[in-house]
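Asker:
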Amino acid sequence: CFWNDPEFNRYNESYFEQYPGVWRHGDWIKITEREGIIIYGRSDATLNRGGVRIGTSEVYRALDSIDEIKDSLIVCIEKKGGEFWMPLFLILNNGFSMTNDLQEKIKGQLKTTCSPRHVPDSIHVVPDIPYTISGKKTEMPVKKILMGQHPEKVINPGSLRNPESLNAFVEIAKRFSA
Numbered sequence: 003c004f005w006n007d008p009e010f011n012r013y014n015e016s017y018f019e020q021y022p023g024v025w026r027h028g029d030w031i032k033i034t035e036r037e038g039i040i041i042y043g044r045s046d047a048t049l050n051r052g053g054v055r056i057g058t059s060e061v062y063r064a065l066d067s068i069d070e071i072k073d074s075l076i077v078c079i080e081k082k083g084g085e086f087w088m089p090l091f092l093i094l095n096n097g098f099s100m101t102n103d104l105q106e107k108i109k110g111q112l113k114t115t116c117s118p119r120h121v122p123d124s125i126h127v128v129p130d131i132p133y134t135i136s137g138k139k140t141e142m143p144v145k146k147i148l149m150g151q152h153p154e155k156v157i158n159p160g161s162l163r164n165p166e167s168l169n170a171f172v173e174i175a176k177r178f179s180a
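Count along the sequence shown from 1, add 2, and you get the number used in my numbering.
1) For residue 157, is the classification buried or exposed, using 16 other Cβ atoms within 10 angstroms of its Cβ as the cut-off for buried?
2) Reducing DSSP to helix, strand and coil, say where residue 119 ends up.
3) Is the CB-CB distance between residue 137 and residue 175 below 9 Å?
4) Which word fits residue 8, buried or exposed, when buried means at least 16 other C-beta atoms lie within 10 angstroms of its C-beta?
5) Using a 10 Å radius around the Cβ and a threshold of 16 neighbouring Cβ atoms, would you call residue 80 buried or exposed?
6) Under DSSP, the alpha helix (DSSP H) around residue 18 begins and ends at which residues?
7) Please go through the same chain and pick out, in chain order, the residues whose beta-carbon is closer than 8 Å to the beta-carbon of residue 195, but skip the five residues on each side of it.
8) For residue 60, collect the residues of the same chain with a Cβ closer than 6 Å to its Cβ; drop the 5 residues on either side in sequence, then sort them by chain order.
9) Would residue 172 and residue 153 qualify as a contact pair, given that the criterion is a beta-carbon distance under 9 Å?
10) Could you check how far apart the C-beta atoms of residue 94 and residue 72 are, in whole angstroms? I think they sit under 8 Å.
11) Can you give me the Cβ contacts of residue 143 inside the same chain, cut-off strictly under 6 Å, excluding the 5 residues immediately before and after it?
12) Quick check on residue 81: does DSSP put it in helix, strand or coil?
13) Whole angstroms is fine: what's the gap from residue 38's alpha carbon to residue 86's?
14) Under DSSP, the alpha helix (DSSP H) around residue 197 begins and ends at which residues?
15) Report the three-state DSSP secondary structure of residue 5 (helix, strand or coil).
16) Who does residue 134 pair with in a DSSP beta bridge?
17) Assuming the contact rule is C-beta atoms closer than 8 Å, residue 139 and residue 131 should be a hit. Round their C-beta distance to whole Å, please.
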């Protein structure tokens, strides 16, 4: 059960809503005809790109040394056929704008500090990054919004210190799903 969930509503929503009557753990897998399992990626905030597991904090730590960047958020979207889309979202410090040089600087920093698999597929400047009231980045809700889910289905807006920050991700999801 979940804390303060006496009717098991949140528990059932978390594990049984997507596939009614079937428990859903969180890894994207395929069971082969020989009953082997191929793990394609995670449905949680751990990024899994081409079999390399990436903690989001690795990316954030590498980007902290770039003066132009105020804040960042990264997710990895698993697509059909084992493809991935790993967008990076940034808030830039005052006086800076996204340029080709800055994009190359970001990619180079991630490639040398981490690995080539840490380099995002796309970089987007957003006005704000969503945080919970307790100060945690909300990677999973952003990922789910980018996968087409409605914001109110993925997070309670009252749990965010800046719920309006989700609007930019809703707009990005519309552009990329079209």
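Heads up, the beta-carbon is just placed ideally off N, CA and C, and yes, glycines get one too.
Answerer: This is what the structure holds:
1) Here residue 157 is taken as the residue at index 155 of the sequence shown, counted from 1. Looking at its Cβ environment, which holds 16 or more other Cβ atoms inside 10 Å, residue 157 is buried.
2) Along the sequence shown, one-based indexing puts residue 119 at 117. In the structure shown, residue 119 sits in a helix (DSSP, three-state: H, G or I).
3) Within the sequence shown, numbered from 1, the residue matching residue 137 stands at position 135. Within the sequence shown, numbered from 1, the residue matching residue 175 stands at position 173. Against a cut-off of 9 Å, the Cβ pair of residue 175 and residue 137 comes out as no contact.
4) As a first step, residue 8 is located in the sequence shown; it is residue number 6 there, counting from the start. It counts as exposed.
5) What you label residue 80 is simply residue 78 of the sequence shown in a count that begins at 1. Buried: at least 16 other Cβ atoms inside 10 Å.
6) Here residue 18 refers to the residue found at position 16 of the sequence shown. Residue 18 -> alpha helix (DSSP H) spans 11-18.
7) In the structure displayed, the chain extends from 3 to 180; residue 195 sits before or after that span and is not available.
8) Here residue 60 is taken as the residue at index 58 of the sequence shown, counted from 1. For residue 60, where only same-chain residues beyond five positions count, the Cβ hits under 6 Å are 116.
9) Taking the sequence shown and counting its residues from 1, the one referred to as residue 172 is at position 170. Taking the sequence shown and counting its residues from 1, the one referred to as residue 153 is at position 151. Yes, these two residues count as a Cβ contact at 9 Å.
10) As a position in the sequence shown, residue 94 is number 92, starting the count at 1. As a position in the sequence shown, residue 72 is number 70, starting the count at 1. Right, their Cβ atoms sit about 6 Å apart.
11) Counting from one through the sequence shown, the residue named residue 143 turns up at place 141. Excluding sequence neighbours, residue 143 sits near 156, 157.
12) Residue mapping note: residue 81 aligns to position 79 of the sequence shown, counting from 1. Correct three-state label for residue 81: coil.
13) For the purposes of this step, residue 38 is taken as the residue at position 36 of the sequence shown. For the purposes of this step, residue 86 is taken as the residue at position 84 of the sequence shown. C-alpha separation (whole angstroms): 22 Å.
14) The question about residue 197 has no answer, for the chain in this structure spans 3 to 180.
15) Your numbering for residue 5 matches position 3 in the sequence shown. The answer is coil: DSSP assigns residue 5 none of H, G, I, E or B.
16) As a first step, residue 134 must be located in the sequence shown, where it is residue number 132. Answer by DSSP bridge pairing, in chain order: 162.
17) In the sequence shown, residue 139 corresponds to position 137, counting from 1. In the sequence shown, residue 131 corresponds to position 129, counting from 1. At roughly 6 Å, the Cβ-Cβ gap stays under 8 Å, so residue 139 and residue 131 are in contact.
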